[in-house]
Every structure is written in structure tokens, then in C-alpha cells.
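Contents: one structure, followed by commentary.
Numbering (my numbering), first residue to last: 1 to 161.
Here is the structure:
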């Protein structure tokens, strides 16, 4: 059986992601992601998943904001992107409340959600500058996927204890 993602064209994948990005995100008003220059260095952009209350578990909003943030990296202004999480965890993977809501989706909606998740990892992997995962805590499930999509990963000593 052919996996779902390979049956969709690149144009269909990008169109699905663009549908998730609403007008407020186009103005760089993120609700779950922080995008900033790291340490005042104009060439290092830090993208922080900012939902420490749910251990930075991702849902459709966080996925679309991350995709938009990575797709809008300008290689003339940025030399490296650092992806990290706010709070004690890097990312706990998928938000369980979001997963519960997904049970009621039709097959077409489920396929679109799968494509959106693929677009998240693809946008990180295809970022025009090197990406670094700064693992500040647990990286579980899809959080491991975020780490794997980055070019490099660095973790503190306590992460592995």
C-alpha cells in the first residue's frame, strides 16, 4: 500500500498548509510560538514553542504557526534557526485533547491533518538555513520528529538523566 503522503502532490501539500495559516499569523502574531533574535544576534533566529502548561505538545494551531515561521525565514537576515520549547519540556508530541477531537474527523479531514503534520516536518527540513534543536527537556513522540527534522540537536546533561 502506498503511504498517504506520497499520493498527494507538492502543490496539494502546500495548499493544505496555507489553509491553516490565518490572517493574524500572516502579521506574525503567533499565539503559541515565539519568534525572536537570539541574544541580540540578528543572524540567529530562535523559534520557541510556548505552551509550557501542556509541555509544548502540538495541535493544529502550533503546527500551522511553526510551518509559517519556518517558511518565512529569510536567509539574507538569518544564518541559523534554533528550535526550542518553553518550560520543562522540549515537546511532549501531540496534544491529547487535539487527538481526542480528531476521532470525529472524516477520512478527508484526517488525511489533511496527516499532510499538515508532514508539512511541519518538511518545512523544518527544507529551511534555507541550518536548524538546531535546543532540547531543554523531554522530547516525546512527535517531539522526537521535530528533533529529527532539524540539522543538529543539542541537549543539556539533565535531559538524559
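We put the beta carbon where it would ideally sit given N, CA and C, even for glycine.
Does residue 142 pass the burial test, meaning 16 or more other C-beta atoms within 10 Å, or should it be called exposed?
Translated into positions along the chain shown, residue 142 becomes position 142. Buried, by the Cβ-count rule.
If we count the other Cβ atoms within 10 Å of its Cβ and call it buried at 16 or more, is residue 43 buried or exposed?
Here residue 43 is taken as the residue at index 43 of the chain shown, counted from 1. Burial call: exposed.
Along the alpha helix (DSSP H) that carries residue 67, what are the first and last residues, could you check?
Position 67 of the chain shown, counting from 1, holds the residue named residue 67. Its alpha helix (DSSP H) spans residues 60-71.
Measure the alpha-carbon distance for residue 136 versus residue 74 and round it to whole angstroms.
In the chain shown, counting from the first residue as 1, residue 136 sits at position 136. In the chain shown, counting from the first residue as 1, residue 74 sits at position 74. When rounded, the distance between both Cα atoms is 26 Å.
Could you spell out where the beta strand (DSSP E) holding residue 134 opens and where it closes?
Mapped onto the chain shown, residue 134 falls at position 134. That run of the beta strand (DSSP E) goes 131-135.
Cα-Cα, which of 64, 151, 148, 156 is closest to residue 116?
In the chain shown, counting from the first residue as 1, residue 116 sits at position 116. The residue with the shortest Cα to Cα distance from residue 116 is 64.
With DSSP run on the structure shown, which of helix, strand or coil describes residue 156?
The residue you call residue 156 lines up with position 156 of the chain shown. Collapsing the DSSP output to three states places residue 156 in coil.
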